Amino acid sequence: MLTINNYVKAKTLEEAYELNQARNSRVMGGMMWLRLGNARVQTIIDLSDLGLDQIEETDHVFRIGAMCTLRELEQHEGLREMYGDGIAESVRHIVGVQFRNQATVGGSIFGRYGFSDVLTALLALDTFVELYNGGTIRLSEFVNRKKDKDILLSIIIRKSKRSFRYASVRQTRTDFPVLACSVVTGIVNGQESWYFSVGARPMKAALIEKQWEIPNDISEENLREYAKQAAAEFTYGTNMRGTAEYRQRLAEILILREMRSIIAEGR
157 MLTINNYVKA
167 KTLEEAYELN
177 QARNSRVMGG
187 MMWLRLGNAR
197 VQTIIDLSDL
207 GLDQIEETDH
217 VFRIGAMCTL
227 RELEQHEGLR
237 EMYGDGIAES
247 VRHIVGVQFR
257 NQATVGGSIF
267 GRYGFSDVLT
277 ALLALDTFVE
287 LYNGGTIRLS
297 EFVNRKKDKD
307 ILLSIIIRKS
317 KRSFRYASVR
327 QTRTDFPVLA
337 CSVVTGIVNG
347 QESWYFSVGA
357 RPMKAALIEK
367 QWEIPNDISE
377 ENLREYAKQA
387 AAEFTYGTNM
397 RGTAEYRQRL
407 AEILILREMR
417 SIIAEGR
């Protein structure tokens with residue numbers, strides 16, 4: 157059971173940050189996962205009045221406020237136009253619409269959960285996080301940082317012409333993923349680059365980059381070798397949902413399907 161002694165709706169970011177420095181304070185997002193734990197929290201800090209619940213689109217970036225819900229992420233037309241159905245697909249299986257109307261993007265990213273579909277999806281894109289004290293850093297760097305008492309303000313996706321696919325395997329429709337996978341490709345500095353993000357390994361998502369020039373007429377056999385090579389670079393573990401060997405095999409299959417889909421589209 158979660159026990160909360162004090163509730164504070166922060167009036168400024170400065171106030172929220174200062175309150176959060178206390179050892180037994182927590183920042184409150186949608187409270188979808190936090191409330192399920194067994195903990196005694198001295199002060200819970202509500203950020204809902206700080207203007208962090210908008211998705212701002214400019215000519216160069218999407219800036220997603222930490223308090224935006226997963227449902228807003230799922231339905232945003234600008235993200236769909238830029239990246240197809242990939243981002244919507246990454247949240248579609250997360251419990252249900254009622255849950256996604258409350259769960260926040262910031263909670264999914266800052267928590268760096270092993271099962272996070274959102275983290276797996278955004279990691280493969282050109283994504284940064286904006287922190288109150290830590291500034292703006294790449295999501296791939298943030299994922300591997302030790303957890304601290306900073307406050308996540310926004311997630312920033314730099315716009316670029318990239319093909320993006322997301323897929324996951326679940327034992328039941330709304331269960332945590334057995335494995336999640338994103339594949340992104342685009343031209344970076346004149347070179348075709350492929351980005352592979354695999355989550356629910358069951359560890360948190362990890363990212364690799366490959367500078368592969370893959371022709372549109374590549375044979376199925378050769379494409380399978382690329383997928384196998386990419387999948388082999390990740391580490392996998394065993395838990396109640398599957399073995400490490402099973403997860404690696406799933407990664408090969410999902411990566412193959414996503415690469416095949418991107419190439420068939422013509423990039």
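In our numbering, each number is its position in the sequence shown, counted from 1, plus 156.
Ideal Cβ positions, reconstructed from N, Cα and C, are used throughout, including at glycine.
Just so we're clear, the structure is a prediction, and the values are computed from it rather than from any experiment.
Local Cβ density within 10 Å of residue i, reported as buried at 16 or more and exposed below that
i    : result
S264 : buried
P371 : exposed
G393 : exposed
N300 : exposed
A420 : exposed
T260 : buried
S375 : exposed
M396 : exposed
D306 : buried
G355 : buried
V253 : exposed
P373 : It should be noted that the sequence gives Asp, not Pro, for residue 373. Exposed: under 16 other Cβ atoms inside 10 Å.
S310 : buried
A388 : exposed
Q322 : Correcting the residue identity first, residue 322 is Tyr in this sequence and not Gln. So Y322 ends up on the buried side.
T399 : exposed
T341 : buried
Member of the options whose CA lies at the smallest distance from the CA of residue i
i    : options                   : result
F255 : I160, G422, M359 and T330 : T330
T328 : H249, Y288 and Y239       : H249
S338 : G346, V344 and W350       : W350
C224 : N180, G186 and D241       : G186
K360 : Q210, S246 and S272       : S272
K302 : T276, F320 and G267       : G267
Unbroken alpha helix (DSSP H) run spanning residue i, endpoints
i    : result
Y507 : There is simply no residue 507 to check, as the chain begins at 157 and stops at 423 in what is shown.
F107 : Beyond the ends of the chain as shown, which are 157 and 423, falls residue 107; an answer cannot be given.
Q231 : L226 to Q231
Residue i in three-state terms, based on DSSP
i    : result
G342 : strand
S264 : helix
V251 : coil
Q347 : strand
E213 : strand
L208 : coil
R179 : coil
R329 : coil
I370 : coil
G242 : helix
Residue range of the unbroken beta strand (DSSP E) whose run includes residue i
i    : result
N300 : Looking at the DSSP string, N300 is not in any beta strand (DSSP E), and its letter there is neither H nor E.
S164 : What sits at residue 164 in the sequence shown is Val, not Ser. Per DSSP, V164 belongs to the beta strand (DSSP E) from L158 to K165.
A323 : R318 to R326
L278 : Element bounds for L278: not the beta strand (DSSP E) but the alpha helix (DSSP H), D273 to L279.
R314 : L308 to R314
According to DSSP, residues forming a beta bridge with residue i
i    : result
M184 : D202
N395 : G398
E365 : Y351
R196 : T159
A336 : S324 and G355
F419 : One point to set straight first is that residue 419 is Ile, not Phe, in the sequence displayed. BP columns for I419 are empty, so no partner.
G221 : S310
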